[in-house]
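A.B. asks:
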Amino acid sequence: MNERVIESGVVPVITIDGPSGSGKGTVSRIIASRLGWHFLDSGALYRLVALAALRRHEDLAGEDKISSIARELDVEFKVDSGAGEPQILLEGSVVGSEIRSEQCGDAASKVAALPAVRESLLARQRDFRCLPGLVADGRDMGSVVFPDAKLKIFLDASPEERAQRRYKQLKEKGMSANLAGLLEEIKVRDARDRNRSVAPLVPAADAILVDSTNQGIDEVVAGILEEWSKLV
Ligand code: DC
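For the sequence shown, position 81 matches number 244 in the numbering used here, and the numbering has no gaps at all.
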């Protein structure tokens, strides 16, 4: 661990932003585990807000109601010691693969476009910043939530490659999937995430762009750790 960083009193943050299917979730978890740092899956927070709203049959465009759900969200991440997915508790009950469904992802993208919802989740996301460090995965981690992060990565891949990865993932989980449909959904969600008025999916000005279309997870992880090693 870099003494300079600790002495400065600032908890170091590595942000990894990018669209769904770019590999950022897996890459971020592995990096957090290798460095022994905390991990923030900010997409899961938006998905949990969406899930809570869907369960209450709320209008996903109702900004006041959805932002109050976001503010009062009773959620707990039970982290394991490895790079696996943490167990998530929503209102005291375990949430399984439900939040990873296409329906929940699509609803998350809708509620994430509401400025008051983003504002409601800001402090909750910043609370994850604890020593010895944080790897934060999302869309606006480097641009909005942690603008002072030591290292900012923007991980991308072509929509076709991302649809293939998602297809494989769903099949492996025994879920039904349609490749053409997934590609279409990815394009629609990308357009919504990239064009929204607040915190759009754009690389921070000081982010390093990484294209994972033709790179495996190990290669991407090694590249990011190499970048980090240049800073410490
Ligand atoms: O990363 P993910 O697919 O789990 O994210 C789900 C949705 O949440 C995605 O469509 C965009 C939104 N999101 C966001 O707007 N900002 C973040 N920091 C993380 C996710």
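Where is the CB? At the ideal position from N, CA and C, for every residue including glycine.
Quick one: using the 10 Å Cβ neighbour count with 16 as the cut-off for buried, is Arg302 buried or exposed?
C.D. replies: Burial call: buried.
A.B. asks: Pop quiz: Ala213 and Val274 are said to be a contact at Cβ under 8 Å. What is the actual Cβ separation, rounded to whole angstroms?
C.D. replies: Right, their Cβ atoms sit about 5 Å apart.
A.B. asks: Near Val383, which residues of its chain fall below 8 Å by C-beta distance, leaving aside the five closest residues on each side in sequence?
C.D. replies: So the list reads Gly186, Val190, Leu318, Val373, Ser375, once near-sequence residues are dropped.
A.B. asks: Considering only C-alpha positions, which residue in the set Ser183, Pro175, Val174, Gln266 is nearest to Gln327?
C.D. replies: Residue Ser183 is the option with its Cα nearest to Gln327.
A.B. asks: To the nearest angstrom, how far is it from the Cα of Lys336 to the Cα of Ala368?
C.D. replies: Approximately 37 Å between the Cα atoms of the pair.
A.B. asks: If you run the structure through DSSP and keep just helix, strand and coil, what is Thr189?
C.D. replies: Looking at Thr189 - three-state DSSP - the assignment turns out to be helix.
A.B. asks: Who does Ile179 pair with in a DSSP beta bridge?
C.D. replies: Asp300, Ile316, per the DSSP bridge assignment.
A.B. asks: For Ile229, count neighbouring C-beta atoms within 10 Å of its own C-beta (all shown protein chains included) and say buried if the count is 16 or more, exposed if not.
C.D. replies: With 16 or more other Cβ atoms within 10 Å, it is buried.
A.B. asks: Taking the runs of the alpha helix (DSSP H) that are 4 residues or longer, which of them lie wholly in the stretch 206–287?
C.D. replies: Here the runs fully enclosed are 226–235, 265–274.
A.B. asks: Is DSSP giving Leu294 helix, strand or coil here?
C.D. replies: Looking at Leu294 - three-state DSSP - the assignment turns out to be coil, as it is neither helix nor strand.
A.B. asks: If you draw a straight line from the alpha carbon of Val258 to that of Lys393, how long is it in whole angstroms?
C.D. replies: Approximately 39 Å, taken between the alpha carbons.
A.B. asks: Kindly examine the ligand DC and report whether one of its heavy atoms sits closer than 7 Å to the Cβ of Met338.
C.D. replies: Result no, Cβ not under 7 Å from the ligand DC.
A.B. asks: Do you know how far the Cα of Ala340 is from the Cα of Leu333?
C.D. replies: Roughly 6 Å separates the two Cα atoms.
A.B. asks: Report the residue from Pro249, Ala312, Ile349 whose alpha carbon sits nearest the alpha carbon of Tyr330.
C.D. replies: Answer by Cα proximity: Ile349.
A.B. asks: Rounding to the nearest angstrom, what Cα-Cα distance links Leu388 and Ile194 in this structure?
C.D. replies: So the two alpha carbons sit approximately 7 Å from each other.
A.B. asks: Using the C-alpha atoms, what's the distance from Ser205 back to Ala286?
C.D. replies: Roughly 12 Å between the two C-alpha positions.
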